[in-house]
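Presented below is the structure to which this report refers.
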Amino acid sequence: PPKERKWKKSSELDHAIKHHLNARGLSFSSVIAQQARMNVERALKDAFKVKNRGFPKFKNSKSAKQSFLWNNQGFSIKESDGERFKIFTLMKMPLLMRMHRDFPPNFKVKQISISCRHRKYFVSFSVEYEQDITPIKNPKNGVGLDLN
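Using the numbering used here, count along the sequence shown one by one with no gaps and you end on 1172.
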């Protein structure tokens, strides 16, 4: 007989989380549940690997700061009538979003963080893009500063 594993695989943990949330009658997105599991795994790994890190403190659903991460799928960003506003659609729910800075040209969204602080929602995008780097014309005339 095969030896029983001490720890469950990630897919088994995701299945168990899905089963428990369905049993409680809670609606949820599997993306958010998987992201939460990955965050827990990373926090526990860092707790034992990084010196003086300590055991992670888990969020309380009643705390003032709530947030979740979303991967780069299942959302869209469309132009709106105003210049500063865009329509951000996540999980088929359109939301009006005020932008404080435009996206760079030819960007690719890697991750989205949605947080709620003091009854206000904030969306933070992690983007990847190509940046034109112009070489220095005369590097011999450069000045170096040491601020130590």
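Ideal Cβ placement from N, Cα and C applies to all residues, glycine included.
Which class does P1163 belong to by DSSP, given the choice of helix, strand or coil?
-> helix
For the beta strand (DSSP E) that contains L1120, what are its first and last residues?
-> M1117 to R1122
Beta carbon of P1129 nearer than 9 Å to that of Y1153 = yes
May I ask you to report which of helix, strand or coil DSSP gives F1072?
-> helix
Decide if the region 1072-1085 is in contact with the region 1096-1107; the criterion is three or more beta carbon pairs, one per stretch, under 8 Å apart.
-> no
Contact check, A1067 vs I1041, beta carbons under 9 Å | no
Backbone secondary structure at Q1090 - three-state DSSP | strand
Kindly indicate the opening and closing residues of the alpha helix (DSSP H) around I1205.
-> This structure leaves residue 1205 out entirely; the chain is present only between 1025 and 1172.
For V1064, which of H1044, R1143, K1083 and S1150 has the nearest alpha-carbon?
-> K1083
R1141 by DSSP, collapsed to three states: which one?
-> strand
Using the DSSP secondary-structure output, state which residues sit across from S1148 in a beta bridge.
-> S1137
With 16 as the cutoff for other CB atoms within 10 Å, does W1176 come out buried or exposed?
-> The structure shown does not extend to residue 1176, since the chain is modelled only from 1025 through 1172, so no value can be given for it.
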